[in-house]
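Asks:
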Amino acid sequence: MVKITDNYINNQAFADAGISVPDYDDTKLSGKTRWVHFGGGNLFRAYHAAVADKLLSIGDLDAGVVVADTHSKAVIEDVYKPFNNKILRVITKDDGNFDKSLLASVSEALYLTPSETDNWKKMKGIFESPELQLASFTITEKGYGLWKSDGELTDVVKKDIADGPDSPVNNMAGLASLMFARFKAGKYPMALLSTDNFSQNGDKLKKSVVTVAEGWAKNGLVDSEFVDYLKNDKLVSFPLSMIDRITPNPSETVAKKLANEGFEDSQLISTGNTDFAAFANTEEVHYLVVEDSFPNGRPSFEKAGVIMTDRDTVNDADEMKVTTCLNPLHTALAVHGDLLGFESISEEVKDEDMLNLIKQIGYVEGLPVVKDPKVIDPKDFIDQLLNKRLPNPYIPDKPQRIASDTSQKLAIRYGVTISHYLDASDRNVSDLHFIPLVLATWCRYLMAIDDNGEEFTPSPDPLLTELQPKVSDIKLGEDVNVHEHLKDILANKAIFGHDLYEIGLADQVESYFAKQISGKGAVRATLKATLAEFSK
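Residue numbers for the sequence shown follow the numbering used here, beginning at 430 and rising by one.
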């Protein structure tokens, strides 16, 4: 048996448990921090920490990463400190085998708020050091938010802007405060790298930090030169990135297997909304594409498998993933999966109809019009998704999770491809059959009646209360005026990126929907019939 805190140097117990260990001695690393990371969650633990571990192993880094979590003190106190900041990274392969690696690349973990005065002082000192090259982030998209839905700043942010940089509460105000300390220490350059999973992530990070700084400058709390410093990409950069690696909460199945293989620290740890463990389980396939803009230098990320490139290529890679090769397939599985009673994505893609549907959306309707980012082959991406990633039972994803906020996703996930068909001289939207089917299925999903005629609870979505009344009185098998029920939905450009009537797709969506409400089992029957008629 072996514990994660055991000394891994020349320790046969790790090898006996099938765990590879670092090629470096973490007790002998220097104290000069070059990389800090905000957000100590499972994605960082499974991905970024492994990148740092690789760079430490080859001697490209000489110090570990300092991790800061601003969301949960429990993550630091219960997940990092008891295990001496060590992480067991478990790659769960689609054949059922595990690759287990001990990571010792986190040098320190801090719960960071100004009220934690010692930790705040320590992080401020790191930001004041010229050696610091970058801060990276996995804090989720909402972690960058300053604004309410009406466009007004939140009350917390307004107070932070009024009070100045000494004791901010909001994440972005806290980062602006740390950057102000760096500015005062010597206007040292650095990169602020968002690696959260949304488009133009670096631009959003920059907008939020600069907004706070401009508020302080307007109130006379900082010099306007600080704002200029943040806006000068030769001094402070905000690189774009595209990240793709499914990293779910630690799995009970994985925990049991680790325990059986001799790993003592396999128990799950609840910190509120998220489960953690001494281990982090993740999939084998992964992508991280980063805009190469680092004014104070950077580690050799490419030596750890990160694709370093220019800004346009990052955007192309992101569009490939979001509009063609991953996200549209996910949404197709989600809305059909809920209606057809599937509880897991890995089970759903065993269904021949569902697998054929996403093949048609990806290979046939999407690939011909997507822009090739060159650094990742779009067809290879879909191949790996269908053959390795989605079928992996150790990556426990659910249609119900993916179906959340679908109304906010359709314009990007399908509307962009529709635009490409409208813009291409050699194509027509009438060539599309399976994207309209998914749009019809989503309207059918809004009825909250599954294909067996049973009620179900749709996943959270900000437009549910607005849209559901338009279809809630439809009864399966009854003759209804589909156009009257759907016209306001299908004409909504905010939802689809287009008025589907104006571009000639609405009739097809209405036709599919009419078939799907014809009785019990009609969703499955419509899917089968459409595949039989139009599959290529």
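Heads up, the beta-carbon is just placed ideally off N, CA and C, and yes, glycines get one too.
For residue 800, tell me which candidate among 746, 582, 469 has the shortest Cα-Cα distance.
Replies: Within the sequence shown, numbered from 1, the residue matching residue 800 stands at position 371. The candidate whose alpha carbon is nearest that of residue 800 is 746.
Asks: Buried or exposed: where does residue 471 fall if 16 or more other Cβ atoms within 10 Å of its Cβ makes it buried?
Replies: By one-based count along the sequence shown, residue 471 stands at place 42. Residue 471 comes out buried.
Asks: In terms of alpha-carbon separation, which member of 468, 458, 497, 495 lies closest to residue 485?
Replies: Taking the first residue of the sequence shown as position 1, residue 485 is located at position 56. Checked all of 468, 458, 497, 495; the closest Cα to residue 485 is 458.
Asks: Go to residue 409, then tell me how far its alpha helix (DSSP H) extends in each direction, as first and last residue.
Replies: There is simply no residue 409 to check, as the chain begins at 430 and stops at 965 in what is shown.
Asks: Should residue 786 and residue 863 be called a contact, given that it needs their Cβ atoms to be closer than 8 Å?
Replies: Residue numbering aside, residue 786 sits at position 357 when the sequence shown is read from its first letter. Residue numbering aside, residue 863 sits at position 434 when the sequence shown is read from its first letter. Cβ distance < 8 Å, so residue 786 and residue 863 count as in contact.
Asks: Whether or not the region 616 to 632 and the region 666 to 675 are in contact is what I'm after, with contact meaning three or more pairs of Cβ atoms, one per stretch, closer than 8 Å; do they touch?
Replies: The answer is yes - the region 616 to 632 touches the region 666 to 675, with three or more Cβ pairs under 8 Å.
Asks: On a Cα-Cα basis, can you pick out the residue from 752, 770, 700, 603 that is closest to residue 841?
Replies: By one-based count along the sequence shown, residue 841 stands at place 412. With distances taken between Cα atoms, residue 841 lies closest to 752.
Asks: Compute the beta-carbon to beta-carbon distance between residue 510 and residue 538, rounded to the nearest angstrom, for a pair I have assumed lies under 8 Å.
Replies: Numbered from 1 along the sequence shown, position 81 holds the residue referred to as residue 510. Numbered from 1 along the sequence shown, position 109 holds the residue referred to as residue 538. Right, the Cβ-Cβ distance comes to about 7 Å (below 8 Å), so this counts as a contact.
Asks: Is DSSP giving residue 710 helix, strand or coil here?
Replies: As a first step, residue 710 must be located in the sequence shown, where it is residue number 281. Residue state, collapsed to three classes: strand.
Asks: Starting from residue 852, follow the alpha helix (DSSP H) in both directions and report where the run begins and ends.
Replies: Taking the sequence shown and counting its residues from 1, the one referred to as residue 852 is at position 423. From DSSP, the alpha helix (DSSP H) with residue 852 extends over 844 to 852.
Asks: Exposed or buried, residue 515, counting other C-beta atoms within 10 Å across all chains shown (16 or more means buried)?
Replies: Within the sequence shown, residue 515 is the residue found at index 86, counting from 1. Residue 515 is buried by the Cβ-count criterion.
Asks: Go to residue 633, then tell me how far its alpha helix (DSSP H) extends in each direction, as first and last residue.
Replies: For the purposes of this step, residue 633 is identified with residue 204 of the sequence shown, where counting begins at 1. Here the alpha helix (DSSP H) through residue 633 covers 630 to 647.
Asks: Please classify residue 712 as buried or exposed, where buried requires at least 16 other C-beta atoms within 10 Å of its C-beta.
Replies: Counting from one through the sequence shown, the residue named residue 712 turns up at place 283. With 16 or more other Cβ atoms within 10 Å, it is buried.
Asks: Going by CA-CA distance only, name the one from 596, 860, 692 that's closest to residue 531.
Replies: Here residue 531 is taken as the residue at index 102 of the sequence shown, counted from 1. Cα-wise, what sits closest to residue 531 is 692.
Asks: Compare the C-alpha of residue 876 against each of 447, 854, 945, 716 and name the closest.
Replies: For the purposes of this step, residue 876 is taken as the residue at position 447 of the sequence shown. Checking every option, the nearest Cα to that of residue 876 belongs to 945.
Asks: Counting beta carbon pairs with one atom in the region 813 to 829 and one in the region 747 to 767, are three or more of them shorter than 8 Å?
Replies: Verdict: yes, contact present.
Asks: Within a Cβ cutoff of 6 Å, which residues of the same chain sit near residue 633, ignoring the five residues on either side of it in sequence?
Replies: By one-based count along the sequence shown, residue 633 stands at place 204. Result list for residue 633: 573, in chain order.
Asks: In the DSSP assignment, find the alpha helix (DSSP H) that holds residue 951 and state where it starts and stops.
Replies: Counted from its first residue, the sequence shown places residue 951 at position 522. Looking at the DSSP string, the run of the alpha helix (DSSP H) that includes residue 951 is 951 to 963.
Asks: Could you tell me if residue 937 is buried or exposed, where buried requires 16 or more neighbouring beta carbons within 10 angstroms of its beta carbon?
Replies: Indexing the sequence shown from 1 puts residue 937 at position 508. By the 10 Å Cβ count, residue 937 comes out buried.
Asks: Give me, in chain order, the residues of the same chain whose beta-carbon lies closer than 6 Å to that of residue 650; leave out the 5 immediate sequence neighbours on both sides.
Replies: By 1-based counting over the sequence shown, the position of residue 650 is 221. If we look at residue 650 and ignore the five residues flanking it on each side, its Cβ neighbours are 593.
Asks: Can you tell me whether DSSP reads residue 751 as helix, strand or coil?
Replies: Along the sequence shown, read from residue 1 onward, the residue named residue 751 stands at position 322. The answer is helix: DSSP assigns residue 751 an H, G or I state.
Asks: Who are residue 576's beta bridge partners in DSSP?
Replies: On the sequence shown, residue 576 is found 147 positions in, with the first residue counted as 1. According to DSSP, residue 576 bridges with 582.
Asks: Note down the Cα distance separating residue 734 from residue 638, rounded to an integer number of angstroms.
Replies: The count along the sequence shown starts at 1 and reaches residue 734 at position 305. The count along the sequence shown starts at 1 and reaches residue 638 at position 209. Straight-line Cα distance between these residues: approximately 29 Å.
Asks: Does the Cβ-Cβ distance between residue 967 and residue 710 come in under 8 Å?
Replies: Nothing about residue 967 can be read from this structure; the chain reaches only from 430 to 965.
Asks: CA-CA distance, residue 432 and residue 439?
Replies: To locate residue 432, count along the sequence shown from 1; it is residue 3. To locate residue 439, count along the sequence shown from 1; it is residue 10. Their backbone Cα atoms lie some 15 Å apart in a straight line.
Asks: Here's the rule: buried if 16 or more other CB atoms are within 10 angstroms of the residue's CB, otherwise exposed. What is residue 825?
Replies: The residue you call residue 825 lines up with position 396 of the sequence shown. Buried.
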